[in-house]
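Beneath this line is the structure, given in C-alpha cells, with notes to follow.
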Amino acid sequence: MKFTRHFLLFILLNMPILFFGQVKKIGLPFIKNYSRTDYKGGTQNWNIDQDKNGNIYFGNNDGLLQFDGSKWNKYKAKNSDAIKCLKVDSSGKIYVGCYNEFGYFKANSKGKLEYFSISNSLDKKKLGIIDFVWKIHLYKNEVIFQAFDRIYIYKDNKIKIINAPKKFQFSFLINSKLYLQDISSGILEYKDGKLNYLKGLNTLNNSEIWGMIELENNKILAATLDKGLFIITNNQALPWNTEANTFIKKNGSLGCILYKNKYIVISSVLDGIIICDLNGNIIQHIDRSKGLQNNTVLTSFIDKSNNLWLGLDNGIAYVNENSFLTYFGFSYNLGTVYSSVVYKGNLYVATNQGVFYHPWDTDFKEGSFKLIEGTTTQAWNVQIINGELICASNKGALLLQNGKMIKNLDPKGYFGFKSIPNHPNYFIGANYNGFSIFEKTDSGMKFRNKIEGIDKSSNSFELDKDYLWLKKDQYIHQITLNKDVSKANTIKTFTQFSEQNSGTGSLQKINGKVFFQSNNIFYTYSKTHGTFEEDAVMTNIFKSIPKIKKLTEDANGNIWYNFNESMGALIKMGSGKYKHVITPFSNLTGKLVANYMSINTIDSKNTFIGLTDGLAHYDAAIEAKSALKPIAHIRSFTFPGDTIYLGNKQDKSEKYELPYSSNQVKFTFSSPSYENLENIEFSYQLEGFDENWSDWSNNTIKEYTNLKEGNYKMKVKARNSFRIQSDETSIEFRVFPPWYRHSLAYIFYLMLAAGLVYYTRFRIRMKIRKNKYVETLEQRRLYLEKETKIRLEQYELEKEIEKLENEKLQIKLLSKDKELVNNTLQVVKKNKILNGIIQRLRDINTSSFDEAAKTQFVKLNKSIIKEVTTDKSWKDLEKHLKNVHFEFLKKLKEKHPSITPREMDLATYLLMNMSTKEIAEFMNISTGGVDLARYRLRKKLELNQKENLIGYFMSIK
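Numbering-wise (this note's numbering), the sequence shown opens with residue 26 and increments by one.
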C-alpha cells in the first residue's frame with residue numbers, strides 16, 4: 026500500500042512531462058525579447074546555462090550576464106570582456122572562456138560572484154596567445170576548455186594541455202562522450218586523456234560543425250554552418266535529407282539541441298530557429314516576422330521548466346514552448362479579435378479590420394490569414410446561422426462563403442445574430458438602432474423586416490419561447506413580440522433581480538435556458554409569477570468562483586467566464602458536473618477584449634480565444650502542465666554597510682548576526698519562473714515582527730527599519746501566473762541589542778545594582794553610625810554650647826556686673842573726681858583768699874608794731890605764705906586726672922595727633938561735665954576764653970554744628 030502511494034505521488038509530480046511532451050503545431054508560443062538596454066550588456070550572446078537556484082547565465086560580448094527573473098546583473102572576467110562559452114557545475118562555479126583567458130566565477134562568503142583565473146597559472150610566454158576559448162565541458166571529474174589550438178584539461182587545480190592535430194573547430198559532449206572537430210583530421214574522441222580518430226567521417230573535414238546531438242539508435246545529428254545536416258552512424262556521415270535540412274542548407278546553422286527527447290531545436294544564421302521532430306519535419310518556425318528581434322541565433326538552451334532561451338546576434342529571446350497556449354498575432358495579420366468560427370474547412374476570424382480566414386486543414390506554421398474582400402471594417406461577430414456563415418459588422422449583415430463576401434443582407438451596422446425559437450427559418454439580428462428579422466428562403470438568406478417599437482440594442486441579448494431579453498447598460502429589458510415578429514407589443518425594464526441583490530450582472534443562455542446573473546447568483550424568469558427566481562443549482566456551481574462580469578457557453582457545453590481582466594472555464598464532465606479550469610488562462614490576463622467573450626471551441630484539443638492583439642489557441646488535452654511549482658528566492662539581504670547576495674549562494678542555511686546599529690534591513694525577492702513574469706507575485710512575513718503574511722503583490726523589495734533586538738526569520742513565497750504557490754524560503758538573522766541592552770550589560774547592571782545595594786546598605790550603616798556619632802557630637806556640642814552659653818552668660822553677667830561695678834566705680838570715681846575738683850577749687854579759693862590776705866598784709870605798715878607784735882606779724886605772714894606755697898593739691902589733681910583719663914587721652918591723641926596738651930585738658934574737663942565757670946577757674950581764664958577754646962577744639966576735631974562735643978568724647982572713651 027505504501028509503495029502504491031509513493032508510485033502515485035511520482036506519477037502526479039511527473040505529469041507535466043508525461044502529458045506535455047509535445048510542441049504545438051497551431052500558432053506560435055509566447056516570445057519575450059530582451060534588448061541590450063534591458064540587460065545593459067553587449068549585443069551578441071554566445072552561450073547560456075542555468076544554476077540549481079534557477080538563475081540563467083549568458084556569455085555576452087560585454088561579460089557574464091545573470092538573470093533571476095527580477096533583475097539583470099553583469100560580471101567581468103579578468104583582462105577580457107567577451108565571454109564565448111560558460112558552464113555551471115553542481116557546486117555553483119561558473120566556468121567561462123574568453124579571449125586569451127579562462128577561469129570561473131564563484132560566490133564569496135557574502136554571495137557576490139568573484140572571478141578566479143585558471144589560465145594565469147600557464148606560461149603564456151611559452152604557449153603564446155590562447156585565443157578564444159569556444160567550448161567548456163564538464164567531463165567526468167575534469168573541466169575541459171577548448172580553444173582553436175589546444176584543449177586545457179583542468180583537474181585538481183592542475184592544467185594538462187593537448188595540442189590540436191592542426192586546428193580545432195568546436196567540441197561537443199554527447200552522452201558522456203566528448204567529440205572534437207579538427208579541420209584536417211576530422212572528428213576525434215577524447216578518451217582516457219588522449220585524442221582518438223574516428224574513421225569514415227572525412228566528409229565533414231572541410232565543414233564547420235556547430236552542433237551535435239544524439240538521436241535514437243546511437244545516431245548523431247551534426248549541424249554544419251553551410252553544408253546542411255548530417256547523420257553520423259556506422260562510421261559514416263550521410264546528409265539528412267529532410268525538410269529541416271532543406272531549411273538549413275538555405276539559411277545555415279549555428280547549432281542544435283535536443284528538446285524533450287522528441288524534438289530538435291536548430292539555430293540558423295539567416296532565419297531564426299526551427300523546431301522539428303526526430304524525422305526532420307518542421308513543426309515550428311520562429312523568425313523576426315514572428316516575434317524574434319533578430320534572425321541570427323547564436324545559441325539555444327532549454328531551462329528547467331522546458332522553456333527555450335535564445336542567444337541572438339543582437340539580444341536575448343525567451344520562448345514559452347512549455348505552455349498550454351499559442352498565439353496568432355501580428356505575424357498572422359490579425360488585430361483585435363471579437364469572434365472566430367470554423368466553417369467548411371476554413372477558420373474565420375472577425376477583427377477590428379475586417380474578417381480574415383485561414384484554411385483549417387493547412388499547416389499554420391507558415392503563411393498569414395487572408396482578408397475577405399469587402400469586409401474591411403469593424404467586424405463584431407462571425408456566426409453560423411441555419412447553416413450559413415454571417416458576419417455582423419459596421420457595413421451590415423454580410424453573407425460569407427468560400428472565403429468571399431457574397432451578399433450584404435442589410436447595410437445597417439450589426440452586433441450579432443440569434444436563432445428564434447419556434448421560427449426555424451427566421452433569425453434575429455441586433456443592429457445599432459434596434460432589431461431586425463432575417464429569413465432563410467429557397468432562394469437564400471434575405472432581410473425580412475425591422476422590428477417596430479424597439480430603438481435600442483447591444484451585443485448582449487437572448488431569446489426564449491416567450492421573450493426577447495436585452496441587456497443595455499445597467500438595465501434588463503423584457504420585450505414581447507407579436508406573432509409575426511414584426512413589432513414589439515410590450516417592453517418592461519428591470520434594474521435588479523431581487524431586493525436582496527441589487528444590480529444586473531449578465532445575460533446568457535446555458536443548456537438552452539436563459540439565465541440572469543448578479544454577484545454570482547443566478548436567476549430564471551417565472552412567467553407564472555412574473556418575477557425572477559434564484560436557481561440554486563447554477564448558483565452553487567459558481568459559489569467558489571471569483572465575481573464574474575460575463576459568461577458564455579461554447580458548442581461543447583463548457584461555460585467560460587470573465588472576472589476582472591482574466592478568465593476561467595467550467596469544463597462539462599457530464600451529468601451536470603463541471604471541472605473548474607483557471608490556471609491555463611492566467612497568461613491571458615489583461616489581453617482579453619472588454620465586453621466581448623470570443624470563445625470558439627471546435628473540440629477538446631482546439632479552442633480559440635479572441636484577444637486585443639490576435640487569437641490564442643488552447644489545447645485542453647495538455648492542461649496537466651499546471652502541476653509545476655514555482656521557486657521563491659530571497660535574492661539579497663541588505664543592511665547598513667553590507668549586502669549578502671543569497672541568490673548566488675549554494676548554502677543558505679547560515680544565520681546572520683547584525684549589530685544594533687544595522688537594524689535597518691532590506692530584502693529583494695525573485696522567482697526563476699520566467700513564464701509571464703509580470704504576473705508573478707510574492708508574499709512575505711518577518712517572523713518576530715509581522716503577525717501575518719503580507720498580501721500578494723508584484724513588489725520584489727521589502728524594507729524594515731528600527732528593528733528591536735532579537736531573532737528574526739524572513740519568509741517568502743512566490744505565486745506564478747497559474748496561481749500556484751511555491752514552498753516558502755527563509756533566512757534567519759539576529760539583531761544584537763545595543764551595548765546598553767546587551768546581556769553582558771545586564772550582568773553588569775545586576776552587578777552594579779548589587780554593588781549599589783551593598784554600597785547603599787554600607788552607606789546607610791555608615792550613615793547610621795555617623796548619625797549616632799554626629800548625634801553624640803551634636804549632643805556634646807549642644808552640651809558644650811549650652812555650657813559655653815552658660816559660661817558666656819555667666820561671663821557676660823560677670824562682665825555686666827564688672828561693667829556695672831566699673832560704671833559704679835566710674836561714677837564713684839567721677840564723684841570723687843568731682844569732689845576732688847571741688848576740694849581743689851576750694852583750696853584754690855582758699856589760696857586766693859590767702860594771697861589776698863598776704864597782699865593786704867604787705868600793705869600793713871609794721872613799723873608801728875612792737876617787736877612782739879612785729880614778730881607775731883612776721884610769723885603769721887610767713888605761715889600764710891608757707892600755706893600757699895606748700896599747697897600741691899592742684900598738681901596732684903592734675904596728675905590724678907591724667908591717670909584716670911589716660912586711655913581717653915591716648916585714644917584722643919591717636920585720633921587727633923595735632924591736639925595740644927592745653928586742648929587735651931579742656932577735653933578732659935568737658936568729659937567730666939564741668940561747667941564753663943569751673944573750667945575757667947581751673948584753666949585760669951575767663952568764661953569767654955573757655956567758649957573760644959571750645960570753639961577752636963571743635964574746629965580742630967572737625968565736628969559739624971549738630972554734633973555734640975561731649976558726646977563725641979564719650980564715643981571715644
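Cβ coordinates follow ideal geometry from the N, Cα and C atoms, glycine included.
It should be emphasised that the depicted structure is a prediction, and the values quoted were computed from it without experimental measurement.
Outcome for Gly370 when other beta-carbon atoms lying within 10 angstroms are tallied against a minimum of 16: Reading the sequence shown from its first residue, position 345 is the one you call residue 370. Per the 10 Å Cβ criterion, exposed.
In chain order, what residues of the same chain lie with their CB nearer than 8 Å to the CB of Leu683, ignoring the 5 residues before and after it? On the sequence shown, position 658 is the one that residue 683 refers to. Within the same chain, Leu683 has close Cβ partners Phe664, Val690, Phe758, Arg759, Val760, Phe761.
Hey, Asn731 and Asn688: beta-carbon distance below 8 Å or not? Numbered from 1 along the sequence shown, position 706 holds the residue referred to as residue 731. Numbered from 1 along the sequence shown, position 663 holds the residue referred to as residue 688. It is a contact, given that the beta carbons lie within the stated cut-off.
Whole angstroms are fine: how far does the CA of Tyr82 sit from the CA of Ser134? Start at 1 with the first residue of the sequence shown, and residue 134 comes out as number 109. Start at 1 with the first residue of the sequence shown, and residue 82 comes out as number 57. Rounded to the nearest angstrom, the two C-alpha atoms are 20 Å apart.
What ranges does the beta strand (DSSP E) occupy inside the stretch 660 to 741, keeping only unbroken runs of at least 3 residues that lie completely in it? 667 to 669, 681 to 683, 690 to 695, 706 to 712, 726 to 729
Would Leu111 and Ile161 be called neighbours here (beta carbons separated by less than 8 Å)? Working through the sequence shown from its first residue, we reach residue 111 at position 86. Working through the sequence shown from its first residue, we reach residue 161 at position 136. Contact flag set, yes.
With H, G and I counted as helix, E and B as strand and the rest as coil, what does DSSP make of Asn589? Taking the sequence shown and counting its residues from 1, the one referred to as residue 589 is at position 564. Coil, per DSSP.
Nearest to Tyr215 by CA position, among Asn243, Gln171, Leu226, Ile234, is which residue? Taking the sequence shown and counting its residues from 1, the one referred to as residue 215 is at position 190. Answer by Cα proximity: Gln171.
Candidates Tyr643, Asn545, Ile726, Ile566, of which the one nearest Lys96 by Cα: As a working mapping, residue 96 is identified with position 71 in the sequence shown. Out of Tyr643, Asn545, Ile726, Ile566, Ile726 has the C-alpha closest to the C-alpha of Lys96.
Closer than 8 Å is the cut-off here; do at least three beta carbon pairs connect the stretch 375 to 392 with the stretch 400 to 408? yes
DSSP-derived helix/strand/coil call for Arg175: The residue labelled residue 175 in the question sits at position 150 within the sequence shown. Correct three-state label for Arg175: strand.
Looking only at DSSP bridge pairs, what is Lys389 linked to? Indexing the sequence shown from 1 puts residue 389 at position 364. First, the amino acid is wrong: residue 389 is Phe here, not Lys. For Phe389, which the question treats as bridged, DSSP gives no partner whatsoever.
I need the straight-line Cα distance from Leu962 to Ala932, nearest angstrom please. Against the sequence shown, residue 962 aligns to sequence position 937. Against the sequence shown, residue 932 aligns to sequence position 907. Each residue's Cα considered, the two are about 8 Å apart.
CB Ile311 to CB Ile298, shorter than 8 Å? Taking the sequence shown and counting its residues from 1, one reaches residue 311 at position 286. Taking the sequence shown and counting its residues from 1, one reaches residue 298 at position 273. Against a cut-off of 8 Å, the Cβ pair of Ile298 and Ile311 comes out as a contact.
Around the C-beta of Thr324, are 16 or more other C-beta atoms found within 10 angstroms, so that it is buried, or is it exposed? Taking the sequence shown and counting its residues from 1, one reaches residue 324 at position 299. Its Cβ being crowded by 16 or more others within 10 Å, Thr324 is buried.
Using CA atoms only, rank isn't needed, just tell me which of Leu936, Gly953, Ser314 is closest to Met979. Taking the sequence shown and counting its residues from 1, the one referred to as residue 979 is at position 954. Per the Cα distances, Leu936.
Can you name the start and end residues of the alpha helix (DSSP H) that Glu919 belongs to? Reading the sequence shown from its first residue, position 894 is the one you call residue 919. Residues 911 to 920.
What is the rounded straight-line gap between the Cα of Thr693 and the Cα of Tyr709? Stepping through the sequence shown from its first residue, residue 693 is reached at position 668. Stepping through the sequence shown from its first residue, residue 709 is reached at position 684. For Thr693 and Tyr709, the distance between alpha carbons rounds to 11 Å.
Supposed close pair Phe567, Phe547 - CB separation, criterion 8 Å: In the sequence shown, the residue the question calls residue 567 occupies position 542. In the sequence shown, the residue the question calls residue 547 occupies position 522. Confirmed, Cβ separation roughly 7 Å.
Which word fits Trp554, buried or exposed, when buried means at least 16 other C-beta atoms lie within 10 angstroms of its C-beta? Sequence index remark: in the sequence shown, residue 554 carries index 529 (1-based). First, the residue type needs correcting, since residue 554 is His and not Trp in the sequence shown. Exposed, by the Cβ-count rule.
Any contact between the stretch 84 to 92 and the stretch 64 to 74? By contact I mean 3 or more CB pairs, one from each, below 8 Å. yes
Do Val362 and Ile409 have their C-beta atoms closer together than 8 Å? Start at 1 with the first residue of the sequence shown, and residue 362 comes out as number 337. Start at 1 with the first residue of the sequence shown, and residue 409 comes out as number 384. Not a contact, by the Cβ cut-off of 8 Å.
I want to know whether the stretch 423 to 434 touches the stretch 462 to 476 - three or more CB-CB distances under 8 Å. yes
Rounded C-beta distance between Ile445 and Phe460? I'm assuming under 8 Å. In the sequence shown, the residue the question calls residue 445 occupies position 420. In the sequence shown, the residue the question calls residue 460 occupies position 435. That pair is no contact at about 11 Å.
Taking 8 Å as the cut-off, decide whether the C-beta atoms of Asn565 and Ser543 are in contact. Locating residue 565 in the sequence shown gives position 540, where the first residue counts as 1. Locating residue 543 in the sequence shown gives position 518, where the first residue counts as 1. Cβ distance not < 8 Å, so Asn565 and Ser543 don't count as in contact.
Tell me which residue opens and which closes the alpha helix (DSSP H) that Lys964 is part of. For the purposes of this step, residue 964 is identified with residue 939 of the sequence shown, where counting begins at 1. That run of the alpha helix (DSSP H) goes 952 to 965.
Measuring only the C-alpha atoms, how far is Leu968 from Pro922? Within the sequence shown, numbered from 1, the residue matching residue 968 stands at position 943. Within the sequence shown, numbered from 1, the residue matching residue 922 stands at position 897. Cα-Cα distance, rounded: 16 Å.
According to the neighbour-count rule (16 or more other Cβ atoms, all chains shown, within 10 Å of its Cβ), is Ser678 buried or exposed? To locate residue 678, count along the sequence shown from 1; it is residue 653. Exposed, since its Cβ has fewer than 16 Cβ neighbours within 10 Å.
Going by the CB atoms, is the gap between Lys137 and Tyr129 shorter than 8 Å? Mapped onto the sequence shown, residue 129 falls at position 104. Mapped onto the sequence shown, residue 137 falls at position 112. Not closer than 8 Å, so no.
According to DSSP, is Ser444 part of a helix, a strand, or is it coil? For this step, residue 444 is matched to residue 419 along the sequence shown. Strand.
State buried or exposed for Ile273, treating a residue as buried only when at least 16 other CB atoms are found within 10 Å of its CB. Taking the first residue of the sequence shown as position 1, residue 273 is located at position 248. Ile273 comes out buried.
Short check: CB of Glu487 to CB of Leu532, under 8 Å? Counting from one through the sequence shown, the residue named residue 487 turns up at place 462. Counting from one through the sequence shown, the residue named residue 532 turns up at place 507. Yes, they are a contact pair.
Could you please give me the residues that DSSP links to Trp97 through a beta bridge? By 1-based counting over the sequence shown, the position of residue 97 is 72. Phe92.
Does the separation of the CB atoms of Ala417 and Asn406 fall below 8 Å? What you label residue 417 is simply residue 392 of the sequence shown in a count that begins at 1. What you label residue 406 is simply residue 381 of the sequence shown in a count that begins at 1. In contact: Ala417 and Asn406 (Cβ atoms closer than 8 Å).
Distance, Ile607 Cα to Ile596 Cα: Along the sequence shown, one-based indexing puts residue 596 at 571. Along the sequence shown, one-based indexing puts residue 607 at 582. Approximately 10 Å between the Cα atoms of the pair.
Kindly confirm or deny that the stretch 733 to 750 and the stretch 667 to 676 touch, where touching means at least three C-beta pairs closer than 8 Å. no
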